[in-house]
Structure formats: structure tokens, C-alpha cells
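Just below is one structure, and these are the notes that go with it.
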Amino acid sequence: MTFCKAISFVFFLFFPAILFAQPPVLVDFSNDKVGTLPSGWNSNGMDKAKHVYSVEHGEGKRYLHADAKNVSVQIGLEIAWDLEEFPILDWQWRANRFPDRSNERTKEGNDSVLGIYVVFGKWPFPRTIKYIWSDTLPQGETLDSPFSGRTKMIVLRSGRSQERTWVVEERDVLSDYRRLFSDVERRSTMRGIGILTDSDGTQSHAIGDYAYLQTMKVHPSK
């Protein structure tokens with residue numbers, strides 16, 4: 011558990027070169043086969059990942075389904091884009107079953123029904139923002155991961171009032187990065203996106219869905 015959560019996405023940060031996607035970026039699962047891990051996504055625990063994550067179809071769309079029972083395994087997509095031009099990351103997710111007794115402030119309780127990572131910089135010193143839907147922490151709280159100070163967590167949703175409901179999130183990732191990592195250069199390489207639904211610390215069961223992720227420009231009104 012400690013290695014997996016403390017060192018996020020080592021499996022793709024080892025690569026010295028990375029191709030920049032031509033923004034805007036849209037990551038969805040419309041072309042992936044139902045019942046399989048989506049194409050291009052990797053993990054340093056592929057055997058486990060194939061049992062946790064799979065593309066499913068329902069309500070007129072394909073989405074990534076995560077069913078984690080007593081396990082923690084991340085999947086990640088190596089992708090980069092210009093955060094100065096496209097700082098907004100937008101996605102849709104759904105919380106179906108929350109892990110028992112979770113408390114992301116502690117190592118023992120650091121399980122979330124839904125988690126989206128964005129990774130900056132290069133190995134061995136990457137920096138990571140993790141956006142979570144927590145069962146217990148208050149919405150809006152920002153905290154260090156109990157496994158690594160280089161991973162900052164932001165609680166976007168809290169509690170079960172919207173359980174089993176698709177919810178759209180929108181974050182200014184560049185603004186979050188500059189606010190949380192003020193000691194580093196103001197412009198950094200966006201290295202990848204990751205997903206983690208886990209329940210190993212609490213030895214329970216978490217189920218969630220992810221529909222898409224896309225980048226956008228700042229709205230003119232902002």
C-alpha cells in the first residue's frame with residue numbers, strides 16, 4: 011500500500027521523452043472494448059488493475075468502471091498539454107459505493123471512492139495533485155498525502171448525498187499547481203493523468219465510475 015500510494019505513476023514517469031498532445035485533449039472510452047482495460051492506460055500492477063478497472067456501457071455511453079475490494083492499484087495515461095493555453099480540466103464521475111471508515115488524512119484510512127491525479131515534472135521528483143471524492147473530509151479541504159508531501163490532495167466532493175449520480179467537475183489545474191507548489195517554477199510540464207479507486211487501508215469495498223476527461227481554455231467570463 012505505501013509504495014503504491016507514495017510514488018504515484020512511476021511506471022510512466024521513467025520515460026525521458028514525452029509527446030505533447032495537440033490541445034484540447036479529450037480522453038474518453040468510446041472506442042474501447044467493453045470489459046477490458048482502456049487502451050493506452052498502464053499500471054505497475056497490471057494483473058490487479060485488470061480485475062479492478064474495466065470499460066462498461068450504460069445510459070448511452072461508455073465509461074471506466076472501478077470495483078476495488080481490499081485493494082489499491084492505480085492506472086495512468088502518459089499525456090501532456092500546454093497548461094498555459096488550456097489550464098482547465100473537466101471530467102465526469104460517479105460514486106457508487108464508499109469504502110468503510112475512510113479518512114484520507116491517515117495512512118490506514120487513505121481510501122477514496124474516486125480519485126483523479128495530475129502529475130507534473132520528471133522522475134525522481136514529480137509533483138502530483140490528487141482530486142478526491144471523500145466520504146468523511148469536508149469539501150474544499152486541501153491537505154498533504156500522508157505518504158508524500160509531493161502529493162497534494164483536494165477534496166472536491168464530500169459525503170453521500172450525490173451517491174450513484176453522475177457529477178461534472180471543473181478545475182483550473184494551473185492555478186491549483188501554482189497555489190500548492192509555490193516553491194517551484196511557475197510553468198511546469200504536465201506529464202500524465204491517473205485514476206485510483208481504492209479500499210486496501212480500510213479493508214473494505216469501493217466502487218466508482220469515470221466517464222471522460224477533457225481540457226479547456228479559461229471561460230471568457232473568468
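Taking the numbering used here, the leading residue of the sequence shown gets 11, the next gets one more, and so forth. For each residue, glycine too, the CB sits at the ideal point set by N, CA and C. Predicted model only: the values in this text are computed from it and were never measured.
Of the residues the options, the one placed nearest residue i, counting alpha carbons only
| i | options | result |
| --- | --- | --- |
| Gly68 | Ala216, Pro148, Arg104 | Arg104 |
| Leu124 | Phe130, Glu114, Gly131, Arg189 | Glu114 |
| Lys43 | Gly55, Lys58, His75 | His75 |
| Ala216 | Trp143, Arg137, Leu184, Val228 | Trp143 |
| Asp100 | Arg188, Arg189, Val178, Asp186 | Val178 |
| Gly86 | Phe191, Thr138, Val228 | Thr138 |
| Asn80 | His61, Glu173, Gly150 | His61 |
| Ser244 | Ser214, Gly70, Pro109, Pro34 | Because residue 244 is not part of the residues shown, which for the chain are 11 to 232, the question remains open. |
| Glu151 | Arg174, Ser158, Leu190 | Leu190 |
| Lys162 | Trp91, Asp186, Asp210 | Asp186 |
| Ile164 | Lys140, Val183, Ser171, Asp182 | Lys140 |
| Val183 | Tyr63, Asp57, Ala90, Ala78 | Ala90 |
| Ile203 | Gly119, Ser171, Ile126 | Ile126 |
| Ser158 | Gln149, Asn120, Pro148, Leu166 | Asn120 |
| Glu118 | Ser209, Leu223, Ile205 | Ser209 |
Endpoints, beta strand (DSSP E) assigned at residue i
| i | result |
| --- | --- |
| Arg174 | Looking at the DSSP string, Arg174 is not in any beta strand (DSSP E), and its letter there is neither H nor E. |
| Ser144 | 137-144 |
| Leu87 | 85-88 |
| Ser168 | 161-168 |
| Val129 | 124-130 |
| Lys71 | 71-79 |
| Asp100 | 98-107 |
| Gly218 | 215-226 |
| Gly202 | 200-205 |
| Asp38 | 36-38 |
| Asp121 | Where Asp121 is concerned, there is no enclosing beta strand (DSSP E), given that its DSSP letter is neither H nor E. |
| Thr152 | 152-154 |
Exposure of residue i, with buried meaning 16 or more beta-carbon neighbours within 10 Å
| i | result |
| --- | --- |
| Tyr220 | buried |
| Val228 | exposed |
| Leu36 | exposed |
| Thr225 | buried |
| Gly211 | buried |
Range covered by the alpha helix (DSSP H) that runs through residue i
| i | result |
| --- | --- |
| Ala59 | 56-62 |
| Val183 | 183-190 |
Contact set for residue i: own chain, Cβ-Cβ below 7 Å, skip 5 residues either direction
| i | result |
| --- | --- |
| Gly218 | Ala76, Trp103, Arg104, Ala105, Asn106, Val123, Leu124, Thr207 |
| Thr146 | Ser112, Asn113 |
| Thr116 | Pro156 |
| Glu180 | Ile98, Asp100 |
| Ala59 | Leu47, Ser53, Val83, Ile85 |
| Gly50 | Leu87 |
Close-in-space but distant-in-sequence residues of the same chain around residue i (CB under 8 Å, 5 per side omitted)
| i | result |
| --- | --- |
| Val65 | Phe39, Asp42, Lys43, Val44, Gly45, Thr46, Leu47, Pro48, Arg72, Tyr73, Leu74, His75 |
| Asp154 | Thr161, Lys162, Met163 |
Close beta carbons around residue i, own chain, < 6 Å, minus the five adjacent residues each side
| i | result |
| --- | --- |
| Gly55 | Val83 |
| Arg174 | Asn106 |
| Leu93 | Leu184, Met200 |
| Ser214 | Pro109, Asp110 |
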